[in-house]
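S.K.: Dumping the structure here so I can ask a few things about it.
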Amino acid sequence: MKWLLILAIGIILGLIFSRRHSKSFNDEQTENKENNKRKILELLNTKHQITNNDVENSLEVSDATAERYLNELEKEGKVKQVDRTGKHVYYEKV
7 MKWLLILAIG
17 IILGLIFSRR
27 HSKSFNDEQT
37 ENKENNKRKI
47 LELLNTKHQI
57 TNNDVENSLE
67 VSDATAERYL
77 NELEKEGKVK
87 QVDRTGKHVY
97 YEKV
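Residue numbers (the working numbering): 7 to 100.
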């Protein structure tokens with residue numbers, strides 16, 4: 007019976023610790039993403055037009071991540087996509 011109580015306390019403490027750790031990890035990821043999006047806007051201040059490859063190279067992120075950041079900025083109304091698809095697509099600050 008005593009081992010059951012110890013096991014229950016261990017499970018509860020494990021759950022509490024894992025939730026605290028995951029919240030701080032998520033906060034860190036969100037902060038990193040917002041910093042990267044801010045860097046994209048700063049890059050647009052100097053270049054006026056950027057491509058997905060510009061974002062990939064300057065932030066050292068994958069193609070999918072660069073595209074996701076640009077799509078989020080577009081949904082937020084901070085950038086606009088010029089052209090629809092392909093290598094001729096670029097983004098401008100709104």
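For each residue, glycine too, the CB sits at the ideal point set by N, CA and C.
Owing to the predicted nature of the structure, the values given are computational and were not obtained by experimental measurement.
(1) Quick check on the burial criterion: 16 or more other C-beta atoms within 10 angstroms. Buried or exposed for alanine 72?
(2) Specify, as a first and last residue, the run of the beta strand (DSSP E) that lysine 86 falls within.
(3) Alpha carbons only, please: which of Thr57, Ala70, Thr36 and Asn51 is nearest the one belonging to aspartate 89?
(4) Quick one: give me the first and last residue of the beta strand (DSSP E) that glutamate 98 is part of.
(5) Taking the alpha carbon of histidine 54 as the reference point, which residue from Glu98, Lys8 and Trp9 has its own alpha carbon closest?
(6) Based on DSSP bridge pairs, tell me the residues matched to glutamine 35.
(7) Considering Cα atoms alone, identify which of Asn51, His94, Arg74 and Thr91 is closest to glutamate 40.
(8) Would you mind sorting isoleucine 46 into buried or exposed? The rule is 16 or more other CB atoms within 10 Å of its CB.
M.R.: Per the coordinate set shown:
(1) buried
(2) 85 to 88
(3) Thr57
(4) 96 to 99
(5) Glu98
(6) Looking at the DSSP output, glutamine 35 bridges to nothing.
(7) Arg74
(8) buried
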